[in-house]
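The opening residue of the sequence shown carries number 1 in UniProt numbering; numbering runs sequentially from there. Even for Gly, the Cβ is constructed at its ideal location relative to N, Cα and C.
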Amino acid sequence: MGCGMSRLAKATIALVIIVMLFMPAAMAAASFDATRSQHLPLPRGTVRGPESVAFDGQGQGPYSGVSDGRVLKWNGDKLGWTTYTHGPGYDSKMCTATKFRPETATESQCGRPLGLRFDHKTGDLYIADAYKGLMRVGPGGGEATVLVNNVDGIPLSFTNGVDVDQTTGQVYFTDSSMNYNRAQHEMVTRTGDSTGRLMRHDPRTSDVTVLQTDMTYPNGVAVSTDRTHLVVASTGPCKLLRHWIKGPNTGRSEPFADLPGYPDNVRPSNKGGYWVALHREKNELPFGRDSHLLAVRVGSNGKILEEMRGPKSVRPTEIMERNNGKIYMGSVELPYVSVVKRK
Numbered sequence: 001m002g003c004g005m006s007r008l009a010k011a012t013i014a015l016v017i018i019v020m021l022f023m024p025a026a027m028a029a030a031s032f033d034a035t036r037s038q039h040l041p042l043p044r045g046t047v048r049g050p051e052s053v054a055f056d057g058q059g060q061g062p063y064s065g066v067s068d069g070r071v072l073k074w075n076g077d078k079l080g081w082t083t084y085t086h087g088p089g090y091d092s093k094m095c096t097a098t099k100f101r102p103e104t105a106t107e108s109q110c111g112r113p114l115g116l117r118f119d120h121k122t123g124d125l126y127i128a129d130a131y132k133g134l135m136r137v138g139p140g141g142g143e144a145t146v147l148v149n150n151v152d153g154i155p156l157s158f159t160n161g162v163d164v165d166q167t168t169g170q171v172y173f174t175d176s177s178m179n180y181n182r183a184q185h186e187m188v189t190r191t192g193d194s195t196g197r198l199m200r201h202d203p204r205t206s207d208v209t210v211l212q213t214d215m216t217y218p219n220g221v222a223v224s225t226d227r228t229h230l231v232v233a234s235t236g237p238c239k240l241l242r243h244w245i246k247g248p249n250t251g252r253s254e255p256f257a258d259l260p261g262y263p264d265n266v267r268p269s270n271k272g273g274y275w276v277a278l279h280r281e282k283n284e285l286p287f288g289r290d291s292h293l294l295a296v297r298v299g300s301n302g303k304i305l306e307e308m309r310g311p312k313s314v315r316p317t318e319i320m321e322r323n324n325g326k327i328y329m330g331s332v333e334l335p336y337v338s339v340v341k342r343k
């Protein structure tokens, strides 16, 4: 009997070890399937790539920047998308891509809106345009004004993410590289380029402050709920950083989260933490099951709380969660904005 108990004890210990090794990884994050989604199709055959998704202070939208340099507004199924704003120098004929003139050949002049964020107090929309810099347009839209196109005499080569402190109106934005523009974005990752910057624009004084330099592919940025720090996506290293803007650690940056894929935009979740869009997984295989990680929700402690999965043909660049349980998904490649309803 003693021998039998010993074997049983060994088997029990082995089972506990297996559970400890494998169960936490499987149970650490809840997961839901975003395969079934509603589409808000862009005007057919002319534009694609609704990279960022934003809603104004009245809840209207979504608004999204597209491949010909415009920011469009969704007006419901009947009216669809209409032009809300564009940068200086926009010409609809010249900026429309064709078979012989791809968008990469026109976007340096027409602009390419990436991050979008409204100041809900003023109604102003701030636009991180990859080529033109940080822009702003007032309520009602029209031609946007370029606020910042260089900092300390150094041009913004790849303006990317933006967020607004809804209390102070301060605008935080990223420049992903001093050496490469958006059309060369793969080189930023391939070379390990670390010339990116995180900056703050004060709309009252027009002053721009560089908060951090020598960053590796800074992308999306989000102001924390308590407004003490920023969460910044670092695309190449597949990480999130935390940069303190208040308190004893002001000016300090530190690792916040390791991610299972290449992050793009970061947006607060109404369930807590942040939704981080993953353009693709770290070790994604082209074959096998047609499912991959689209995004993760990261808690205030940097731990992954939730995963969103969907088809490999979808590579999101932003996840925007609304209070009605709908999740809006932007993509730099697809001709529509996806809407996923939580069950």
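Give the DSSP-derived three-state secondary structure of residue i in the structure shown.
i           : result
residue 183 : helix
residue 326 : strand
residue 23  : Residue confidence for residue 23 is low, a pLDDT of 41 falling below 50, so the modelled location carries little weight; the figure read from the coordinates is stated next. Correct three-state label for residue 23: helix.
residue 280 : strand
residue 107 : helix
residue 189 : helix
residue 215 : strand
residue 92  : helix
residue 258 : strand
residue 2   : Any reading at residue 2 needs caution, since the residue's pLDDT is 41, under 50, leaving its predicted position unreliable; the model's value is listed next. Reduced to three states, the DSSP call for residue 2 is helix.
residue 317 : strand
residue 341 : strand
Does residue i pass the burial test, meaning 16 or more other C-beta atoms within 10 Å, or should it be called exposed?
i           : result
residue 68  : buried
residue 181 : buried
residue 38  : exposed
residue 163 : buried
residue 30  : exposed
residue 232 : buried
residue 319 : buried
residue 327 : buried
residue 23  : Its pLDDT being 41, under 50, residue 23 is placed unreliably by the model, and the measurement read from it follows with that caveat. Exposed is the call here.
residue 76  : exposed
In chain order, what residues of the same chain lie with their CB nearer than 8 Å to the CB of residue i, ignoring the 5 residues before and after it?
i           : result
residue 136 : 124, 125, 126, 127, 144, 145, 147 and 203
Cutting at 7 Å between CB atoms, please list the residues of its own chain near residue i, excluding the five before and the five after it.
i           : result
residue 170 : 200 and 202
residue 109 : 89
residue 223 : 163, 165, 172 and 230
residue 149 : 132, 133, 155 and 156
Just tell me which of the options has its CA closest to the CA of residue i.
i           : options               : result
residue 213 : 36, 156 and 332       : 156
residue 340 : 300, 298, 294 and 304 : 294
residue 209 : 151, 272, 178 and 47  : 151
residue 79  : 333, 274 and 43       : 43
residue 330 : 73, 34 and 64         : 64
residue 32  : 305, 187, 234 and 60  : 305
Within the present structure, is the beta-carbon of residue i separated from the nearest heavy atom of the ligand ATP by less than 7 Å?
i           : result
residue 326 : In the structure shown, the ligand ATP is absent, as is every other ligand, since no ligand is present at all.
Sorted by chain position, which residues of the same chain lie with C-beta nearer than 6 Å to residue i's C-beta, five sequence neighbours on each side aside?
i           : result
residue 279 : 262, 264 and 315
Is the segment 244-253 touching the segment 287-297, taking contact as three or more C-beta pairs under 8 Å?
No: the two stretches stay apart, fewer than three of their Cβ pairs being nearer than 8 Å.
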